[in-house]
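K.L.:
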Amino acid sequence: MRHRAGYNRAVPAVSIICIFLNGERFLGEAIDSVLGQDHHDWELLLVDDGSTDGSAALARFYAADDRRIRCLAHPGGGNRGMSAARNLGLAHATAPWVAFIDADDRWRPGKLAAQLAIVSAEPRIALLAGTVNYWGSWEGRADVLTPTGHVQDRLVKPPEAALALYPVGAAGAPCPSDVLVRRDALAAVGGFEDQFTGSFEDCAAFGKIFATQPVWFSHEVWLDYRIHAGSSVAGMIGGGHYAARRRFFLHWYRDWLRQAGIGVVERAVRRRLWRDRLRPGTYRYTALGRLAWRLREGVRR
């Protein structure tokens, strides 16, 4: 760890939210990848979602060594799910920009500096994400590079991304640990939806932004998303409930779009639900579906 006792800016440039639930195995590596950034103007909010292992103690250890790091938990130390944990972090965030890193992922060096340079050059951006390395090589499997978005390196005005990205369209959706988002943009759409405790919590929050605000997808790779038995992708592939969860999300998104008056995307969601009903399993031909099938054998090991 690197202690930066002399750093004294009242409001940092970026609030980084790291949620964890029994994440002791990888949490230190995630935090170290934040400490290793060459952009140092940040705060790190470590949000415990009801851990029973040593991860909360590890978080406190890092916080004691660096005053940019704070530890948060739900009242009573309970487990409320991923959306509620992210919202707790957002409630304590102070910076104009928010980034996320999950406890089992790793940022590449220069991630924050590169992203802040892009949003500085194009101030209309509400959300930014890049190409993701689905990281199997940490335990001897293949890595899979997956672009985010249907186009890269240009401003995408709403609701283009909502129509093009999974699960409404076929293009790859962003990984939360790769995203940089304006805090006021996320607040404007109500943050994360507490009813999504696991799968699709990111799609619900970011889908609202795609439908209403300009975004940017970069060709650059800033994230190693760790593939392991406890990861979200592994759970999606092996849990057996993916189609039902996807359907639940699409019904929720359709209703939200109707209330927001965004008819063009609402109609696209209704068509997607109808196609899924006629041809179950068509998600396999989307970017996420192709990724899932490529990773299936490795995750099952």
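Under my numbering, residues 94 to 394 are what the sequence shown spells out, in order. The C-beta atom is built at its ideal place from N, Cα and C for all residues, glycine as well.
1) Would you kindly work out how many angstroms separate the C-alpha atoms of glutamine 352 and alanine 322, rounded to a whole number?
2) If distances are taken between C-alpha atoms only, which option among Leu316, Ala257 and Phe293 comes closest to histidine 334?
3) Apply the 10 Å Cβ neighbour rule to glycine 356 and answer buried if 16 or more other Cβ atoms are within range, or exposed otherwise.
4) So, do the region 294 to 301 and the region 203 to 210 have three or more beta carbon pairs nearer to each other than 8 angstroms?
5) Looking only at its chain, what residues have a beta carbon closer than 7 angstroms to the beta carbon of threonine 145, apart from the 5 residues adjacent to it on each side?
6) What does the Cβ neighbour count give for aspartate 277, buried or exposed, with the cut at 16 atoms within 10 Å?
7) Looking at glycine 223 and tryptophan 315, is the spacing between their C-beta atoms short of 8 angstroms?
8) Please check the pair leucine 139 and leucine 165, which I expect to be a contact at CB under 8 angstroms, by giving their CB distance rounded to whole angstroms.
9) Taking 8 angstroms as the threshold (C-beta atoms), are leucine 120 and alanine 196 in contact?
10) What's the gap between the Cα of valine 261 and the Cα of proline 251?
11) Consult DSSP for arginine 275 and reduce its assignment to one of helix, strand or coil.
12) Taking DSSP's pairing of strands, which residues face alanine 222 in a bridge?
13) Which one or two residues does DSSP pair with glycine 145 in a beta bridge?
14) From Trp200, Gly169 and Pro240, pick the residue whose C-alpha is nearest to that of isoleucine 110; which is it?
15) Just to confirm my understanding: we take tryptophan 190, look at its own chain, exclude 5 residues before and 5 after, and list those with CB closer than 8 angstroms. What are they?
16) Inspect the beta-carbon positions of leucine 248 and arginine 217 and report whether they are closer than 8 angstroms.
17) Let me know the secondary structure DSSP gives aspartate 134 once reduced to three states.
18) Distance, Cα to Cα, alanine 263 vs arginine 365?
19) Could you tell me the distance, in whole angstroms, from the CA atom of alanine 361 to the CA atom of glycine 147?
20) Among the residues of its own chain, which have a CB less than 6 angstroms from the CB of tyrosine 155, if the five just before and after it don't count?
21) Ends of the beta strand (DSSP E) at threonine 305?
22) Less than 8 angstroms between the beta carbons of aspartate 287 and alanine 177, yes or no?
23) Using only the alpha-carbon positions, how far apart do histidine 344 and arginine 363 sit?
24) Can you round the beta-carbon distance between phenylalanine 303 and asparagine 180 to whole angstroms, since I take them to be within the 8 angstroms contact cut?
25) Classify valine 261 as helix, strand or coil using the three-state DSSP reduction.
26) So, under 8 angstroms CB-CB, tyrosine 227 and threonine 241 are touching, yes? Tell me the CB distance rounded to an integer number of Å.
27) When you compare only the Cα positions, how much space is there between proline 168 and aspartate 141?
28) Measure the Cβ-Cβ separation of arginine 368 and aspartate 198 and say whether it is below 8 angstroms.
29) Could you pull the start and end residues of the beta strand (DSSP E) that isoleucine 320 belongs to?
30) For alanine 103, count the other beta carbons within 10 Å of its own beta carbon; 16 or more makes it buried, fewer makes it exposed. Which is it?
P.N.:
On the basis of the supplied data:
1) As a working note, residue 352 is residue 259 in the sequence shown. As a working note, residue 322 is residue 229 in the sequence shown. About 38 angstroms.
2) For the purposes of this step, residue 334 is identified with residue 241 of the sequence shown, where counting begins at 1. Comparing C-alpha distances from histidine 334 to each of Leu316, Ala257 and Phe293 shows the shortest one belongs to Phe293.
3) Here the question's residue 356 lines up with position 263 in the sequence shown. Its Cβ having fewer than 16 others within 10 Å, glycine 356 is exposed.
4) Result no; under three Cβ-Cβ pairs closer than 8 angstroms.
5) As a working mapping, residue 145 is identified with position 52 in the sequence shown. Once the five neighbours on either side are set aside, the close Cβ partners of threonine 145 are Asn115.
6) Taking the sequence shown and counting its residues from 1, the one referred to as residue 277 is at position 184. Result: exposed.
7) As a working note, residue 315 is residue 222 in the sequence shown. As a working note, residue 223 is residue 130 in the sequence shown. Cβ atoms of tryptophan 315 and glycine 223: closer than 8 angstroms.
8) Position 46 of the sequence shown, counted from the start, is the residue given in the question as residue 139. Position 72 of the sequence shown, counted from the start, is the residue given in the question as residue 165. Contact annotation, leucine 139 with leucine 165: C-beta distance approximately 7 angstroms; criterion of less than 8 angstroms satisfied.
9) Position 103 of the sequence shown, counting from 1, holds the residue named residue 196. Position 27 of the sequence shown, counting from 1, holds the residue named residue 120. It is a contact, given that the beta carbons lie within the stated cut-off.
10) Taking the first residue of the sequence shown as position 1, residue 261 is located at position 168. Taking the first residue of the sequence shown as position 1, residue 251 is located at position 158. Straight-line spacing of the CA atoms in valine 261 and proline 251 works out to 14 angstroms.
11) Taking the sequence shown and counting its residues from 1, the one referred to as residue 275 is at position 182. DSSP places arginine 275 in strand when its eight states are reduced to three.
12) Counted from its first residue, the sequence shown places residue 222 at position 129. In DSSP, alanine 222 forms a bridge with Phe310.
13) Counting from 1 along the sequence shown, the entry for residue 145 is found at position 52. What sits at residue 145 in the sequence shown is threonine, not glycine. In DSSP, threonine 145 forms no bridge with anything.
14) Looking up residue 110 in the sequence shown gives position 17. That would be Trp200, whose Cα lies nearest to the Cα of isoleucine 110.
15) Working through the sequence shown from its first residue, we reach residue 190 at position 97. Cβ within range, chain order: Ala106, Val107, Ser108, Leu209, Val212, Leu273, Val274, Arg275 and Arg276.
16) What you label residue 248 is simply residue 155 of the sequence shown in a count that begins at 1. What you label residue 217 is simply residue 124 of the sequence shown in a count that begins at 1. For the 8 angstroms CB-CB criterion, leucine 248 and arginine 217 form a contact.
17) Here residue 134 corresponds to residue number 41 of the sequence shown, with the count starting at 1. If DSSP states are grouped into helix, strand and coil, aspartate 134 belongs with coil.
18) Here residue 263 refers to the residue found at position 170 of the sequence shown. Here residue 365 refers to the residue found at position 272 of the sequence shown. When rounded, the distance between both Cα atoms is 11 angstroms.
19) Within the sequence shown, numbered from 1, the residue matching residue 361 stands at position 268. Within the sequence shown, numbered from 1, the residue matching residue 147 stands at position 54. Going by the C-alpha atoms only, they are around 45 angstroms apart.
20) Numbered from 1 along the sequence shown, position 62 holds the residue referred to as residue 155. Apart from sequence neighbours up to five positions away, the residues of its chain that approach tyrosine 155 with a beta-carbon distance below 6 angstroms are Ile124 and Ile162, ordered along the chain.
21) Position 212 of the sequence shown, counting from 1, holds the residue named residue 305. Run containing threonine 305: none in the beta strand (DSSP E); it sits in the alpha helix (DSSP H), 294 to 305.
22) Locating residue 287 in the sequence shown gives position 194, counting from the first residue. Locating residue 177 in the sequence shown gives position 84, counting from the first residue. The answer is yes: Cβ separation under 8 angstroms.
23) Indexing the sequence shown from 1 puts residue 344 at position 251. Indexing the sequence shown from 1 puts residue 363 at position 270. About 8 angstroms.
24) Here the question's residue 303 lines up with position 210 in the sequence shown. Here the question's residue 180 lines up with position 87 in the sequence shown. Rounded, the Cβ-Cβ distance is 19 angstroms, inconsistent with contact.
25) To locate residue 261, count along the sequence shown from 1; it is residue 168. In the structure shown, valine 261 sits in coil (DSSP, three-state: anything other than H, G, I, E or B).
26) Position 134 of the sequence shown holds residue 227. Position 148 of the sequence shown holds residue 241. About 12 angstroms separates the Cβ atoms of tyrosine 227 and threonine 241, ruling out a contact at the 8 angstroms cut-off.
27) Locating residue 168 in the sequence shown gives position 75, counting from the first residue. Locating residue 141 in the sequence shown gives position 48, counting from the first residue. A straight line joining the alpha-carbon of proline 168 with that of aspartate 141 spans about 11 angstroms.
28) Here residue 368 corresponds to residue number 275 of the sequence shown, with the count starting at 1. Here residue 198 corresponds to residue number 105 of the sequence shown, with the count starting at 1. Result no, Cβ atoms of arginine 368 and aspartate 198 do not sit closer than 8 angstroms.
29) Your numbering for residue 320 matches position 227 in the sequence shown. In this chain, isoleucine 320 is not harboured by any beta strand (DSSP E), its DSSP state being neither H nor E.
30) The count along the sequence shown starts at 1 and reaches residue 103 at position 10. Alanine 103 is exposed by the Cβ-count criterion.
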